[in-house]
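Trainee: Take the sequence shown: its letters are residues 4 to 378, numbered as in our numbering.
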Amino acid sequence: MNANPFLAKGYISPELFCDRENETKTLLSNIQNGLDTTLISPRKMGKTGLILHTFYKISEEKLPLTPIYVDIFATLSLKDFIKTLSEAILAEFPEKTSIGSKFMTLLKGYRPTISYDPASGLPQVGFNFVSPNEQEYTLKGLFDFLNSQKKRVVLAIDEFQQITEYPEKNVEALLRTYTQQMHNISFIYCGSKKSIMSQIFTDAARPFYSSTRQLSLGKIDADIYSAFIREKFAPATVTDEAMYYILEWTRRHTFYTQSLCNEIFARRPKTVSIDVARKASREILEKESSNFLQIRDLITDQQWRMLIAVAKEQSVQGVTSADFLAKYQIGSATNARRNLESLTDKELLLETITPTERSYSVYNVFLSRWLEATY
Ligand SMILES: Nc1ncnc2c1ncn2[C@@H]1O[C@H](COP(=O)(O)OP(=O)(O)O)[C@@H](O)[C@H]1O
Ligand SMILES: [Mg+2]
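Pasting the structure below:
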């Protein structure tokens, strides 16, 4: 049976990746012109995919660049950051290679513990720093190593906003000081918390101010996405009605669109009709419903009602307007504002800010559709 072409995680090849041509070009151009990039979008829109796609192009076109990808989502301190970076470098330069053995020698100078994950075989590094100085010296050593490679290094740091959670006070300043000395490394700072990322890179009082080019990742163009979806379903045909439903129901938020298409494809229909698409979407919600119900236990009743209200409205501008509050009985404007903040903080609501308006939607599109259908 032919494999499902709709990925809902990871990256395999350009054939299964839709568009992002301009973004890939911009990213490559920044890299080749010595510019650093800040890549921002809501979660699951396709940032990591874009980075891996760009890395794929670099290797396919044999560009003289060494791409390295580090995800710091799970890091809680600068020490974790250094550990994660070391592991990424080790993974890129295996010990058997001459660069790898040089790196291993350098690393051992910092007296780490090194073990190998039995499942993946990947190296795991542990540090026991005795002073902040030693920690900073190690970090500088890692950057210096990358900076001294013959081939320019592209270092993508995913979930970069995480550095603001570290207990150390000077992390931003320290990273900025080191990174600006590394002329042979192109940095890509990637993040999904727009407000925090904006503060880091556009607040004149902060170290990274104005140091990068900003690249915002939006939704994939509807016509381009339709053509991609039709091509992947072929020889099965997709009716216009079904196509509209797929893109509308998932709001063209990449992960959700991919997931619904994956679910539909799994049924191997001869024709993708609106009935098939609707059935698949219902099935997704059924599978998720126990997860969604758990969310209710984590927030207050008023917050839950607010979530339902926003889901029913799809997207709301005047969340604290008297009409909206009365219609859904969600308390006073003051309370509503507080709940809004809290739900946005928990990433249950997505805040979209344009020059003229500020609107809210339920972040997880499936949760939004489930709330809408259930209440
Ligand atoms: N351009 C694309 N074409 C097809 N699928 C994509 C594309 N971009 C992302 N995806 C899919 O959507 C999922 C979520 O994207 P991801 O890159 O992880 O988002 P983010 O890093 O912004 O949270 C990915 O796992 C991938 O399978
Ligand atoms: Mg990501």
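Every residue, glycine too, gets a C-beta built ideally from N, C-alpha and C.
Is the beta carbon of Gly52 less than 8 Å from the beta carbon of Ser189?
Mentor: Position 49 of the sequence shown, counting from 1, holds the residue named residue 52. Position 186 of the sequence shown, counting from 1, holds the residue named residue 189. Cβ distance not < 8 Å, so Gly52 and Ser189 don't count as in contact.
Trainee: Under 8 Å, do Leu343 and Ala336 count as touching if we go by C-beta distance?
Mentor: Numbered from 1 along the sequence shown, position 340 holds the residue referred to as residue 343. Numbered from 1 along the sequence shown, position 333 holds the residue referred to as residue 336. No.
Trainee: Flag this pair as touching only if the segment 305-324 and the segment 279-291 have three or more C-beta atom pairs under 8 Å; answer yes or no.
Mentor: The answer is no - the segment 279-291 does not touch the segment 305-324, with fewer than three Cβ pairs under 8 Å.
Trainee: Just checking, does the segment 256-273 make contact with the segment 58-67 on the three C-beta pairs under 8 Å criterion?
Mentor: Verdict: no, contact absent.
Trainee: When the Cα atoms are used, what is the spatial distance from Lys65 to Lys154?
Mentor: Against the sequence shown, residue 65 aligns to sequence position 62. Against the sequence shown, residue 154 aligns to sequence position 151. Cα to Cα, Lys65 sits roughly 12 Å from Lys154.
Trainee: Express the C-alpha separation of Val322 and Pro210 in angstroms, rounding to a whole number.
Mentor: Numbered from 1 along the sequence shown, position 207 holds the residue referred to as residue 210. Numbered from 1 along the sequence shown, position 319 holds the residue referred to as residue 322. Each residue's alpha carbon lies about 35 Å from the other.
Trainee: Relative to ligand 1, is the shortest distance from any of its heavy atoms to the C-beta of Ser198 smaller than 7 Å?
Mentor: Translated into positions along the sequence shown, residue 198 becomes position 195. Not so, every heavy atom of ligand 1 lies at least 7 Å from the Cβ.
Trainee: Does ligand 1 have a heavy atom nearer than 7 Å to the CB of Met107?
Mentor: Position 104 of the sequence shown holds residue 107. Answer for Met107: no, Cβ out of range of ligand 1.
Trainee: Could you check whether Met107 and Glu95 sit closer than 8 Å to each other, using their CB atoms as the reference points?
Mentor: Looking up residue 95 in the sequence shown gives position 92. Looking up residue 107 in the sequence shown gives position 104. No, the pair does not count as a contact, with Cβ atoms beyond the cut-off.
Trainee: Can you give the Cα-Cα distance for Gly13 and Ala6, rounded to whole angstroms?
Mentor: Position 10 of the sequence shown, counted from the first residue, corresponds to residue 13. Position 3 of the sequence shown, counted from the first residue, corresponds to residue 6. If I take the Cα positions, the gap works out to 15 Å.
Trainee: Please report the straight-line C-alpha distance between Thr347 and Ser362, rounded to a whole angstrom.
Mentor: The residue you call residue 347 lines up with position 344 of the sequence shown. The residue you call residue 362 lines up with position 359 of the sequence shown. Between Thr347 and Ser362, the C-alpha separation is close to 11 Å.
Trainee: Is it the case that the CB of Asp22 approaches a heavy atom of ligand 1 more closely than 7 Å?
Mentor: In the sequence shown, counting from the first residue as 1, residue 22 sits at position 19. Asp22: yes, Cβ under 7 Å from ligand 1.
Trainee: How should Pro170 be labelled, buried or exposed, when 16 other C-beta atoms within 10 angstroms of its C-beta is the threshold for buried?
Mentor: For the purposes of this step, residue 170 is taken as the residue at position 167 of the sequence shown. It counts as exposed.
Trainee: If I follow the unbroken alpha helix (DSSP H) through Ile71, where does it start and stop?
Mentor: Residue numbering aside, residue 71 sits at position 68 when the sequence shown is read from its first letter. Looking at the DSSP string, Ile71 is not in any alpha helix (DSSP H); the run it does join, the beta strand (DSSP E), is 68-74.
Trainee: Check each candidate in Val368, Ser324, Ser16 and name the one with the smallest Cα separation from Met48.
Mentor: Position 45 of the sequence shown holds residue 48. For the residues Val368, Ser324, Ser16, the minimum Cα distance to Met48 belongs to Val368.
Trainee: Which value, in whole angstroms, describes the spacing of the CA atoms of Phe204 and Ile191?
Mentor: Walking along the sequence shown from the start, residue 204 turns up at place 201. Walking along the sequence shown from the start, residue 191 turns up at place 188. Going by the C-alpha atoms only, they are around 12 Å apart.
Trainee: Taking C-alpha atoms, which residue in Asp22, Pro17, Thr78 lies nearest to Ile223?
Mentor: As a working mapping, residue 223 is identified with position 220 in the sequence shown. Comparing Cα positions, the closest option is Asp22.
Trainee: Could you tell me which residues DSSP puts in a beta bridge with Asn126?
Mentor: As a position in the sequence shown, residue 126 is number 123, starting the count at 1. The residue you asked about is not Asn; residue 126 is Pro in the sequence shown. DSSP output for Pro126 lists Tyr119 as bridge partner(s).
Trainee: Please identify the residue among Arg46, Ser32, Leu374 whose C-alpha is closest to the C-alpha of Thr379.
Mentor: The shown model of the chain, from 4 to 378, leaves out residue 379, and the question about it has no answer.
Trainee: I'd like to know whether the C-beta atoms of Glu381 and Leu177 end up nearer to each other than 8 Å.
Mentor: The displayed coordinates of the chain run from 4 to 378. Any statement about residue 381 would go beyond what the structure contains.
Trainee: Would you call Pro70 buried or exposed, if buried means 16 or more other Cβ atoms sit within 10 Å of its Cβ?
Mentor: Counted from its first residue, the sequence shown places residue 70 at position 67. Buried, because 16 or more other Cβ atoms sit within 10 Å of the Cβ of Pro70.
Trainee: Of all residues in the structure, which have a C-beta closer than 6 Å to any heavy atom of ligand 2, taken in chain order?
Mentor: Cβ-based neighbours of ligand 2 within the cut-off: Lys50, Thr51, Asp161.
Trainee: When the Cα of Asn25 is compared with those of Ile54, Leu19, Ile117, which residue comes out closest?
Mentor: For this step, residue 25 is matched to residue 22 along the sequence shown. Ranking the options by Cα distance to Asn25, first place goes to Ile54.
Trainee: Starting from the Cα of Phe76, find the closest Cα among Phe163, Gln261, Thr29 and give me that residue.
Mentor: The residue given as residue 76 occupies position 73 in the sequence shown. Out of Phe163, Gln261, Thr29, Phe163 has the C-alpha closest to the C-alpha of Phe76.
Trainee: Ordered along the chain, which non-local residues of its own chain (more than five positions away) have a Cβ less than 8 Å from that of Arg299?
Mentor: Counting from one through the sequence shown, the residue named residue 299 turns up at place 296. Excluding sequence neighbours, Arg299 sits near Trp307.
Trainee: Excluding sequence positions up to five away, which residues of its chain have a Cβ less than 6 Å from the Cβ of Glu350?
Mentor: Within the sequence shown, numbered from 1, the residue matching residue 350 stands at position 347. Same-chain partners within the cutoff: Tyr366.
Trainee: Which of the three DSSP states, helix, strand or coil, is assigned to Cys264?
Mentor: On the sequence shown, position 261 is the one that residue 264 refers to. Here Cys264 sits in helix by DSSP.
Trainee: Just to check, is the beta-carbon of Leu250 closer than 7 Å to a non-hydrogen atom of ligand 1?
Mentor: For the purposes of this step, residue 250 is taken as the residue at position 247 of the sequence shown. Flag unset: Cβ of Leu250 not near ligand 1.
Trainee: Could you tell me whether the Cβ atoms of Leu353 and Phe295 are closer together than 8 Å?
Mentor: Sequence index remark: in the sequence shown, residue 353 carries index 350 (1-based). Sequence index remark: in the sequence shown, residue 295 carries index 292 (1-based). No.
Trainee: Taking only heavy atoms of ligand 1 into account, decide whether any of them is closer than 7 Å to the Cβ of Gly194.
Mentor: The residue given as residue 194 occupies position 191 in the sequence shown. No - ligand 1 has no heavy atom lying nearer than 7 Å to the Cβ of Gly194.
Trainee: DSSP three-state call for Ala159: helix, strand or coil?
Mentor: Taking the first residue of the sequence shown as 1, we reach residue 159 at position 156. Correct three-state label for Ala159: strand.
Trainee: Following a CB-centred definition, is Ser219 positioned closer than 7 Å to any heavy atom of ligand 1?
Mentor: Along the sequence shown, one-based indexing puts residue 219 at 216. Answer for Ser219: no, Cβ out of range of ligand 1.
Trainee: For Tyr363, write down the residues that DSSP places opposite it in a beta bridge.
Mentor: Here residue 363 refers to the residue found at position 360 when the sequence shown is read from its first residue. According to DSSP, which records beta bridges pairwise, Tyr363 is partnered with Val319, Glu354.
Trainee: Let's see if you can read the secondary structure: which residues bound the alpha helix (DSSP H) around Phe132?
Mentor: Taking the first residue of the sequence shown as 1, we reach residue 132 at position 129. Per DSSP, Phe132 belongs to no alpha helix (DSSP H) and is neither H nor E.
Trainee: Pick helix, strand or coil for Tyr248, following the three-state DSSP scheme.
Mentor: Taking the first residue of the sequence shown as position 1, residue 248 is located at position 245. DSSP places Tyr248 in helix when its eight states are reduced to three.
Trainee: Identify the continuous alpha helix (DSSP H) that holds Arg299 and give its terminal residues.
Mentor: In the sequence shown, residue 299 corresponds to position 296, counting from 1. Element bounds for Arg299: 277-301.
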